[in-house]
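Colleague: Everything in the sequence shown is counted per the working numbering, starting at 128 for the first residue and increasing by one. Positions of the beta carbon are idealized from the N, C-alpha and C atoms, including for glycine. Just dropping this structure here.
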Amino acid sequence: MKKIYLSIFAGLMVISLFSQNSNPWKAVQESSFAKSDMLRTIVPDKYQTFLLDLQALDIILKKAPMRFSAQAKSQAPLLALPLADGQFGEFRIIEAPVMHPELAAKYPDIKTYAGWSEKDPTAYARFGISPKGFHAMILSARHNTVFIDVYATGQPQYYICYFKKDFHKDDPFTCYFD
């Protein structure tokens, strides 16, 4: 009898571990990791800082079915993405390649994905991951466009999340051929 209870308990523990939505993002204070010599290319007026567990993210992304496949709607895993207000949005994700198949075969470390929110039917995410890090854009009718970018060059574990309206590029593009 003891073995039966132990087997049931172990089975329930395994099920609960696999059913939990593990969030690979953790909010962190910028002062805990920032150094003055870090090369930053995007510095918005206001932003949140996050630590990304790349291994946990990889586990979730490997479960993402291919866009337009039979499993795309029914088996798309949940991925929490940070929002610029410090909250998290949950998105069902699918792999959505944008590169030609031959180019994708040449660069297998570059992958792109799409996601949709079940809680906010107007929210749609597009993101990609490469050796240079994770980059995302979240569109929604309920809030301004959100971007997630690497905090600094060569720091693929630290990220900033900000509203598009909070980023003002210092040197606006000027076309000299007009």
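Would you give the residue range spanned by the beta strand (DSSP E) that Ala154 belongs to?
Modeller: 152-154 is the extent of the beta strand (DSSP E) around Ala154.
Colleague: So, with DSSP's three-state summary, where would you put Asp276?
Modeller: Residue state, collapsed to three classes: strand.
Colleague: Using the beta-carbon count (16 or more within 10 Å), is Asp297 buried or exposed?
Modeller: It counts as exposed.
Colleague: Quick check on Ser244: buried or exposed, where buried means 16 or more other Cβ atoms within 10 Å of its Cβ?
Modeller: Burial call: buried.
Colleague: Excluding five sequence neighbours on each side, which residues of the same chain lie with their C-beta closer than 7 angstroms to the C-beta of Cys302?
Modeller: Contacts found: none.
Colleague: Measuring CB to CB, does Phe261 end up less than 8 angstroms from Pro171?
Modeller: No; because the gap between Cβ atoms is not below 8 angstroms, this pair is not in contact.
Colleague: Under the DSSP definition of a beta bridge, which residues are partnered with Gln175?
Modeller: Answer by DSSP bridge pairing, in chain order: Cys288.
Colleague: Within the continuous beta strand (DSSP E) that includes Ile256, where are the two ends?
Modeller: Its beta strand (DSSP E) spans residues 251-257.
Colleague: Please go through the region 178-220 and give each complete alpha helix (DSSP H) segment of 4 or more residues, from N-terminal end onward.
Modeller: The qualifying runs are 181-189.
Colleague: Measuring straight from C-alpha to C-alpha, what distance separates Ala197 and Gln182?
Modeller: C-alpha separation (whole angstroms): 27 angstroms.
Colleague: Please return the same chain residues whose Cβ sits closer than 7 angstroms to the Cβ of Val223, not counting the five positions on each side in sequence.
Modeller: Just to set this straight, residue 223 is Ala in the shown sequence, not Val. Answer for Ala223: Arg194, Thr239, Tyr240, Ala241, listed in chain order.
Colleague: With 16 other CB atoms within 10 Å as the buried threshold, where does Ile186 fall?
Modeller: Exposed is the call here.
Colleague: Should Asp164 go down as buried or exposed, given a rule of 16 or more other Cβ atoms within 10 Å for buried?
Modeller: Per the 10 Å Cβ criterion, exposed.
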